[in-house]
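So in our numbering, the last one in the sequence shown is 177, and the numbering has no gaps at all.
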Amino acid sequence: MADDSLIETTSHQSKRVGCAQGLYGSACQHQLAIIMSMSFVFVDGLNNGSCISLLGNNRSTIRVYKMPIVGDTRVFLLTSGYIISQRHRADFKSGNDIVGCNVIVVY
71 MADDSLIETT SHQSKRVGCA QGLYGSACQH QLAIIMSMSF VFVDGLNNGS
121 CISLLGNNRS TIRVYKMPIV GDTRVFLLTS GYIISQRHRA DFKSGNDIVG
171 CNVIVVY
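In structure tokens form, the structure reads like this:
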């Protein structure tokens with residue numbers, strides 16, 4: 071389960087614009103990979119109350135990966151697109167990651 075802050079930049083001091091809520095779990099018996107179902111819920115500005123959802127396989131050994139946007143609400147209704155994610159920092163001991171996401175949507 072995940073319920074994490076969604077912030078503008080990878081800095082801890084960055085402005086909070088929403089939250090990333092969803093599920094993830096082990097997706098492969100032979101390598102380190104997870105399957106993710108995640109919603110980015112916006113709580114500020116023009117996108118307040120809107121949501122972008124993604125579903126995809128994420129191999130943890132790949133630093134940059136792409137996942138499709140599979141659902142949207144409010145401002146983003148009927149959009150299509152994908153998310154390019156890049157791991158900036160990972161602390162496997164604590165389980166904390168800092169991941170930067172570039173979201174490309176067409177609506």
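Each residue gets a CB set at the ideal place from its N, CA and C atoms; glycine is no exception. The model shown is predicted, which means the values in this text are computed figures rather than measured ones.
- Secondary structure remark: continuous alpha helix (DSSP H) runs of at least 4 residues inside the region 104-136: none found.
- Cβ contact annotation for GLU78 (same chain, cutoff 7 Å, sequence separation greater than five): SER84, LYS85 and VAL87, in chain order.
- In this structure, THR80 and GLY141 do not form a Cβ contact; the two beta carbons are roughly 25 Å apart against a cut-off of 8 Å.
- Bridge pairing for SER155: TYR135 and CYS171 [DSSP].
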